[in-house]
Amino acid sequence: MINRGLSLVATGVVFLTLLAPDHALDNGLARTPPMGWLAWERYRCIIDCKNYPDECISEKLFRDVADMLVSEGYINVGYQYVIIDDCWLASERDSNGRLQPDPERFPNGIKALADYVHSKGLKFGIYEDYGNYTCAGYPGVLGHLEIDAQTFADWDVDYVKLDGCYADPKDMNEGYPAFGQYLNATGRPMVYSCSWPVYQEENGIPPNFELLKQYCNLWRNYGDIDDSWDSVSDIINYYATKQDTIAQHAGPGHWNDPDMLIIGNFGLSLEQSKVQMAIWAILAAPLLMSNDLHNIRPEFKAILTNERIIEVNQDVLGIQGRRVYQKNNIEIWTRPITPMIGEEYSYAVAFVSYRTDGTPRAVEITLQEIGLTNPTGYVLQDLFSGDTSTDTNPSQTLRVRVNPTGVVFYKAIPNNPSGSLSGQ
Ligand code: GLA
Numbered sequence: 005m006i007n008r009g010l011s012l013v014a015t016g017v018v019f020l021t022l023l024a025p026d027h028a029l030d031n032g033l034a035r036t037p038p039m040g041w042l043a044w045e046r047y048r049c050i051i052d053c054k055n056y057p058d059e060c061i062s063e064k065l066f067r068d069v070a071d072m073l074v075s076e077g078y079i080n081v082g083y084q085y086v087i088i089d090d091c092w093l094a095s096e097r098d099s100n101g102r103l104q105p106d107p108e109r110f111p112n113g114i115k116a117l118a119d120y121v122h123s124k125g126l127k128f129g130i131y132e133d134y135g136n137y138t139c140a141g142y143p144g145v146l147g148h149l150e151i152d153a154q155t156f157a158d159w160d161v162d163y164v165k166l167d168g169c170y171a172d173p174k175d176m177n178e179g180y181p182a183f184g185q186y187l188n189a190t191g192r193p194m195v196y197s198c199s200w201p202v203y204q205e206e207n208g209i210p211p212n213f214e215l216l217k218q219y220c221n222l223w224r225n226y227g228d229i230d231d232s233w234d235s236v237s238d239i240i241n242y243y244a245t246k247q248d249t250i251a252q253h254a255g256p257g258h259w260n261d262p263d264m265l266i267i268g269n270f271g272l273s274l275e276q277s278k279v280q281m282a283i284w285a286i287l288a289a290p291l292l293m294s295n296d297l298h299n300i301r302p303e304f305k306a307i308l309t310n311e312r313i314i315e316v317n318q319d320v321l322g323i324q325g326r327r328v329y330q331k332n333n334i335e336i337w338t339r340p341i342t343p344m345i346g347e348e349y350s351y352a353v354a355f356v357s358y359r360t361d362g363t364p365r366a367v368e369i370t371l372q373e374i375g376l377t378n379p380t381g382y383v384l385q386d387l388f389s390g391d392t393s394t395d396t397n398p399s400q401t402l403r404v405r406v407n408p409t410g411v412v413f414y415k416a417i418p419n420n421p422s423g424s425l426s427g428q
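The opening position of the sequence shown corresponds to residue 5 in our numbering, with each subsequent residue numbered one higher.
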């Protein structure tokens, strides 16, 4: 998020040019990846409250989510945003041209819901679409950018997800920044989640990451997550394959978004859920759960609330990790994190198996082969169990056993140079 100021231009005669302010989205938000809950993957567009009173997109659902985030302790480990996705709108704007929610499902309006969410110590997010319609066919913001940004500010919204259906991807380099400028101009800080790169990529337009970083706090790069291992592993593969063009753009205030956490739903095993949590931590991804907080088995909740892993995800350096090894359907991912000891980073290190051949697979590797070269070695902590191992020298062979479609996830902290491995 760059601020332009005065520029001196010499063309024979020196004169002063005052550049137009760029109104970048310098909102100071999302310095670490946003954490919270987002409705879409689990609740989609259920609008039949008669038959599905606990699941339909309604005030009741979001009040309930807010209650559960607090009573189940998710708020204590950082889950903060309660975010509505599609299907909250009435089919028409009101007589003043303003957006309005479906009157039956949101009988008290959005401001009252935001107030309730805020009263629980949480933050409130909402969904719209840059085009003529949302993806589910409700009114979009095109032609109403200013009034809609102001409406969100008037409702005390803290987070806006702006989708990209029913819009021309060629217009998005101007359109998304324009909406961001209107959000900024309201004076209310709102996290701005953009879907612009995924729509451009799907249409063969390479996304402009410099613009994205300037105007958006996070952005979707790839297609929607579904409730399956296929979907999670496909997304992970996308971020690995594209890492040389994508990873460098993540940082405090601006993140790549591989979509929601689906842990606690129907499609992932316990091992696969651990993989999603570990890789989302490596990717510095937003941690937005989309699940039924009333029906999460304790072992899945333990994954979602693992503070050691959340600490990796929220690391202050904001460096996105990368896949550094791939062989025999085993991958190793690393992410540089704090604490730094002198010049040496700590690392999160994930060993992921895509194998299904029925027994834990042993991987043998030295830390130096995957880029961890601190001469005085590392202390490894297993981030799922919390167990800490003795010192590991970078040239010593590590043997790690990884379960089928599972993960072993370590934090490697450099030994202090004064306390070398050999105890000299
Ligand atoms: C798109 C988005 C999803 C969700 C739906 C809502 O598919 O990518 O995350 O918001 O629209 O209709």
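Built from N, CA and C at the ideal position, the CB exists for glycine as well.
For Thr309, same chain residues with a beta-carbon under 6 Å away, outside a window of 5 residues either side, are Val81 in chain order. Within the stretch 16-97, complete alpha helix (DSSP H) segments of at least 4 residues are found at 44-47 and 63-75, given in chain order. Scanning its chain for C-beta atoms nearer than 8 Å, with the 5 sequence neighbours on each side dropped, one finds around Ala171 the residues Asp133, Tyr134, Gly135, Asn136, Gly144, Leu146, Gly179 and Tyr203, in chain order. Beta-bridge analysis with DSSP links Val411 to Val356.
Of the other Cβ atoms in all chains shown, fewer than 16 fall within 10 Å of the Cβ of Gln400; this residue is therefore exposed. Shown here, Arg301 sits in coil according to DSSP, grouped into three states, outside any helix or strand.
Where Lys127 is concerned, the enclosing beta strand (DSSP E) starts and stops at Lys127 to Asp133.
Taking every protein chain shown into account, the CB of His298 has fewer than 16 other CB atoms within 10 angstroms, so this residue is exposed.
The criterion of a C-beta distance shorter than 8 Å is satisfied by Tyr186 and Leu149. DSSP places Val404 outside any alpha helix (DSSP H); the residue lies instead in the beta strand (DSSP E), whose first and last residues are Thr401 to Val406. Closest in alpha carbon position to Leu117, among Asp90, Asp160 and Asn269, is Asp160.
Your pair Ala34 and Asn221 checks out as a contact, with CB atoms roughly 4 Å apart and the cut at 8 Å. Between the ligand GLA and the CB of Ala244, the shortest heavy atom gap is not smaller than 7 Å.
Around the beta carbon of Asn260, 16 or more other beta carbons lie within 10 angstroms, which makes this residue buried. Shown here, Leu166 sits in a strand according to DSSP, grouped into three states.
In this chain, the beta strand (DSSP E) harbouring Ala366 covers Arg365 to Thr370. Residue environment analysis places Pro38 among the buried positions, since at least 16 neighbouring C-beta atoms fall within 10 angstroms of its C-beta. Inside the stretch 301-340, DSSP marks whole beta strand (DSSP E) runs of 3 or more residues at positions 326-331, from first to last along the chain.
Of the residues assessed, Gln252 falls on the exposed side of the cut-off, its CB having fewer than 16 other CB atoms within 10 angstroms. For the 8 Å CB-CB criterion, Asn420 and Tyr382 do not form a contact.
For Cys198, the shortest C-beta to heavy atom distance toward the ligand GLA is 7 Å or greater.
Within its own chain, the residues whose Cβ lies closer than 6 Å to the Cβ of Leu387, once the five positions on either side in sequence are excluded, are Arg312, Ile313, Phe413 and Lys415, listed in chain order.
Here Ser277 has Ile267, Gly268, Phe304 and Ile307 as same chain residues with Cβ atoms under 8 Å from its own Cβ, once five neighbours each way along the sequence are excluded. By the CB criterion at 8 Å, Tyr329 and Thr409 fall outside the cutoff.
Scanning its chain for C-beta atoms nearer than 8 Å, with the 5 sequence neighbours on each side dropped, one finds around Met281 the residues Leu265, Ile267, Ile307, Leu308, Asn310 and Ile313, in chain order. Counting only the Cα atoms, Leu287 lies some 21 Å from Asn295. Nearest C-alpha to Trp41 among Val69, Ser95, Asp167 and Asn31: Val69.
Shown here, Pro290 sits in coil according to DSSP, grouped into three states, outside any helix or strand.
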